[in-house]
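Trainee:
In this note's numbering, the protein residues as written are 77 to 485.
1. DSSP state of residue 290, grouped into three classes?
2. Would the C-beta of residue 279 count as close to the ligand NAP, meaning under 7 Å from any of its heavy atoms?
3. Going by C-alpha distance, which of 223, 481, 260 is nearest residue 280?
4. Rounded to whole angstroms, what is the Cα-Cα separation between residue 348 and residue 320?
5. Leaving out five residues on either side along the sequence, give the residues of the same chain with a beta carbon under 6 Å from the beta carbon of residue 185.
6. In angstroms with no decimal places, state the Cα-to-Cα distance between residue 344 and residue 354.
7. May I have a chain-ordered list of the beta strand (DSSP E) segments no shorter than 3 residues that lie completely inside the region 234 to 289?
8. Decide if residue 331 is buried, meaning its Cβ has at least 16 other Cβ atoms within 10 Å, or exposed.
9. Hey, quick one: how far does the beta strand (DSSP E) through residue 230 stretch, first residue to last?
10. I'd like to check one pair, residue 389 with residue 430: are the Cβ atoms closer than 8 Å?
11. Which partner residues of residue 203 appear in the DSSP bridge assignment?
12. Give the straight-line distance between the Cα atoms of residue 376 and residue 191, rounded to the nearest whole angstrom.
13. Across which residues does DSSP place residue 192 in a beta bridge pair?
14. Whose C-alpha, out of 401, 296, 464, 478, is nearest the C-alpha of residue 346?
15. Verify whether the separation of the beta carbon atoms of residue 246 and residue 200 is less than 8 Å.
16. Is it true that the region 255 to 275 meets the region 420 to 436, where meeting means three or more beta-carbon pairs spaced less than 8 Å apart?
17. Under 8 Å between the Cβ atoms of residue 263 and residue 209?
18. Would you kindly work out how many angstroms separate the C-alpha atoms of residue 449 and residue 432, rounded to a whole number?
19. Taking Cβ positions, are residue 419 and residue 439 nearer each other than 8 Å?
20. Please name the residue in 323, 250, 260 whose C-alpha comes closest to that of residue 366.
21. Using only the alpha-carbon positions, how far apart do residue 399 and residue 417 sit?
22. On the criterion of 16 or more Cβ atoms from any shown chain inside 10 Å, does residue 465 qualify as buried, or is it exposed?
23. So, using beta-carbon positions, are residue 470 and residue 434 closer together than 8 Å?
24. Looking at residue 373: is its Cβ nearer than 8 Å to the Cβ of residue 395?
25. State the DSSP-derived secondary structure class of residue 455, mapped to helix, strand or coil.
26. How many Å lie between residue 461 and residue 256 at the Cα?
27. Using only alpha-carbon positions, find the residue among 288, 289, 368, 283 that is nearest to residue 316.
28. Note down, one range per segment and in chain order, each alpha helix (DSSP H) of at least 4 residues found wholly within the region 364 to 433.
29. Going straight from the alpha carbon of residue 197 to that of residue 234, what length do you get?
30. Is the Cβ-Cβ distance between residue 452 and residue 481 less than 8 Å?
31. Just to confirm my understanding: we take residue 226, look at its own chain, exclude 5 residues before and 5 after, and list those with CB closer than 6 Å. What are they?
32. Assuming the contact rule is C-beta atoms closer than 8 Å, residue 288 and residue 217 should be a hit. Round their C-beta distance to whole Å, please.
33. Please return the same chain residues whose Cβ sits closer than 7 Å to the Cβ of residue 370, not counting the five positions on each side in sequence.
34. Mind checking whether residue 252 and residue 236 have CB atoms under 8 Å apart?
35. Let's see if you can read the secondary structure: which residues bound the alpha helix (DSSP H) around residue 482?
36. Between the beta-carbon of residue 239 and the beta-carbon of residue 211, is there less than 8 Å?
Structure below.
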């Protein structure tokens, strides 16, 4: 009897092991998960591998295709994507600095097709589904909103991807995919933030996704932070201590410390964030007083940097343009002569880096009065203005402002 019971337990245990081996794999969004999973990874992610925090995957369960889905792709986005008024006609001609109509085309992303959404691709919450619209139409809308928001963009038609950098040095991507199964009648637009942080990034993302859907996005906010009012008797005494703190960060070997130093200094020299008197005090100390920070900022702008340090050079140019605009005293001659060829080169290279050209134009505005050859500057500004009209609205406006100043001399 004991032998029969032992044999029965052994048979049940063996059957249990076989059932475990034959048990189906866990499901993924209602579909069986294969044993060999292929992960779709960009080839340019670099060291940042935690970009898809809070990602999700839509359900691709079979549905009937007899009728068009009413709404289709529900993703519970973190931004408002409710339909608004129909967008106004884009790509119209603009007015140049001299009042003459410009025929510069604003079609900056000529995309013909988009790849199908890969399986097991965890979409960000900042994604929308645009039904019954071609990839070229959506790409045209996105290109226009990037131009209006003055976001530097590099387009990759093969991958239907855009690499974007905002004025606050936030690096993000926009990707287009064709939907699968019941979503094969439209395009998925996804925004992925890669690096950096800005108070305006939420509104930028909302504008991109609203425009992709054909809606009119909310206008950009003129000031992300409350306006700081300076008292009449307020005398700021923060320049020395702040620059000492920034000097310590710049002496640290880590990239994050340098990034924090540039971000802090760009805020300290911005009147819209710190008030006019504070920004002027820090800028005067940075440009004219004996300190270790000013020469380092100047070297970062003038010296050629590797591609890895391009972000820091862009932030250093932001600090320099803020300081030149906030300072009321004359720019030192050595600094002016050292900056001139660098700024001129940046304007001439506006096609490859419009954001750097925009910051260079802001610096040149302060140097025009004492410049010895404004005709050379004017030619470079015209080239930059053409690029700005097509790709970067802020560059077009700033270049036009500088040319008008030269005309009035």
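Just so you know, even glycine gets a beta-carbon here, dropped at the ideal spot from N, CA and C. Here the structure is a predicted model, which is why all the values come from computation and not from measurement.
Mentor: Taking the structure as given:
1. Counting from one through the chain shown, the residue named residue 290 turns up at place 214. Of the three classes helix, strand and coil, the one that applies to residue 290 here is coil, per DSSP.
2. Ligands in the displayed structure: none, and consequently the ligand NAP is not present.
3. Counted from its first residue, the chain shown places residue 280 at position 204. Residue 223 is the option with its Cα nearest to residue 280.
4. Within the chain shown, the letter at position 272 stands for residue 348. Within the chain shown, the letter at position 244 stands for residue 320. Approximately 23 Å between the Cα atoms of the pair.
5. Against the chain shown, residue 185 aligns to sequence position 109. Closer than 6 Å at Cβ, skipping near neighbours: 215, 219, 231.
6. For this step, residue 344 is matched to residue 268 along the chain shown. For this step, residue 354 is matched to residue 278 along the chain shown. The alpha-carbon atoms of residue 344 and residue 354 are separated by roughly 7 Å.
7. 237 to 241, 247 to 254, 262 to 271
8. Looking up residue 331 in the chain shown gives position 255. Exposed, by the Cβ-count rule.
9. Taking the chain shown and counting its residues from 1, one reaches residue 230 at position 154. Start and end: 228 to 232.
10. Taking the chain shown and counting its residues from 1, the one referred to as residue 430 is at position 354. Taking the chain shown and counting its residues from 1, the one referred to as residue 389 is at position 313. Not closer than 8 Å, so no.
11. The residue given as residue 203 occupies position 127 in the chain shown. DSSP output for residue 203 lists 266 as bridge partner(s).
12. Looking up residue 376 in the chain shown gives position 300. Looking up residue 191 in the chain shown gives position 115. Computed Cα separation, rounded: 40 Å.
13. For this step, residue 192 is matched to residue 116 along the chain shown. DSSP, once it has assigned bridges, lists 254 as partnering residue 192.
14. For the purposes of this step, residue 346 is taken as residue 270 along the chain shown, with counting starting at 1. Ranking the options by Cα distance to residue 346, first place goes to 401.
15. Within the chain shown, the letter at position 170 stands for residue 246. Within the chain shown, the letter at position 124 stands for residue 200. Against a cut-off of 8 Å, the Cβ pair of residue 200 and residue 246 comes out as no contact.
16. Using a C-beta cut-off of 8 Å, the region 255 to 275 makes no contact with the region 420 to 436, since fewer than three inter-stretch Cβ pairs fall below that distance.
17. Within the chain shown, numbered from 1, the residue matching residue 263 stands at position 187. Within the chain shown, numbered from 1, the residue matching residue 209 stands at position 133. Yes, these two residues count as a Cβ contact at 8 Å.
18. As a position in the chain shown, residue 449 is number 373, starting the count at 1. As a position in the chain shown, residue 432 is number 356, starting the count at 1. Each residue's alpha carbon lies about 22 Å from the other.
19. Position 343 of the chain shown, counted from the start, is the residue given in the question as residue 419. Position 363 of the chain shown, counted from the start, is the residue given in the question as residue 439. Result yes, Cβ atoms of residue 419 and residue 439 sit closer than 8 Å.
20. Here residue 366 corresponds to residue number 290 of the chain shown, with the count starting at 1. Selected option, being the one with the closest Cα: 323.
21. Position 323 of the chain shown, counted from the start, is the residue given in the question as residue 399. Position 341 of the chain shown, counted from the start, is the residue given in the question as residue 417. Between residue 399 and residue 417, the C-alpha separation is close to 19 Å.
22. For the purposes of this step, residue 465 is taken as residue 389 along the chain shown, with counting starting at 1. Flag for residue 465 reads buried.
23. Position 394 of the chain shown holds residue 470. Position 358 of the chain shown holds residue 434. Contact flag set, yes.
24. Translated into positions along the chain shown, residue 373 becomes position 297. Translated into positions along the chain shown, residue 395 becomes position 319. For residue 373 and residue 395, yes; Cβs fall inside 8 Å.
25. Residue mapping note: residue 455 aligns to position 379 of the chain shown, counting from 1. Here residue 455 sits in helix by DSSP.
26. Taking the chain shown and counting its residues from 1, the one referred to as residue 461 is at position 385. Taking the chain shown and counting its residues from 1, the one referred to as residue 256 is at position 180. If you take the alpha carbons of residue 461 and residue 256, they lie about 42 Å apart.
27. Numbered from its first residue, the chain shown carries residue 316 at position 240. Of the candidates 288, 289, 368, 283, the one whose C-alpha sits nearest the C-alpha of residue 316 is 368.
28. 369 to 378, 386 to 402, 409 to 424
29. Position 121 of the chain shown holds residue 197. Position 158 of the chain shown holds residue 234. About 18 Å.
30. On the chain shown, position 376 is the one that residue 452 refers to. On the chain shown, position 405 is the one that residue 481 refers to. No, they are not a contact pair.
31. Within the chain shown, the letter at position 150 stands for residue 226. Same-chain partners within the cutoff: 468, 469, 470.
32. Locating residue 288 in the chain shown gives position 212, counting from the first residue. Locating residue 217 in the chain shown gives position 141, counting from the first residue. Their Cβ separation, rounded to whole angstroms, is 6 Å, which keeps residue 288 and residue 217 in contact under 8 Å.
33. Locating residue 370 in the chain shown gives position 294, where the first residue counts as 1. Excluding positions up to five away in sequence, the list reads 362, 363.
34. In the chain shown, the residue the question calls residue 252 occupies position 176. In the chain shown, the residue the question calls residue 236 occupies position 160. Yes. Within cutoff.
35. Taking the chain shown and counting its residues from 1, one reaches residue 482 at position 406. It spans 469 to 483 - the alpha helix (DSSP H) in which residue 482 sits, taken as one unbroken run.
36. In the chain shown, residue 239 corresponds to position 163, counting from 1. In the chain shown, residue 211 corresponds to position 135, counting from 1. Residue 211 is positioned such that its CB atom lies no closer than 8 Å to that of residue 239.
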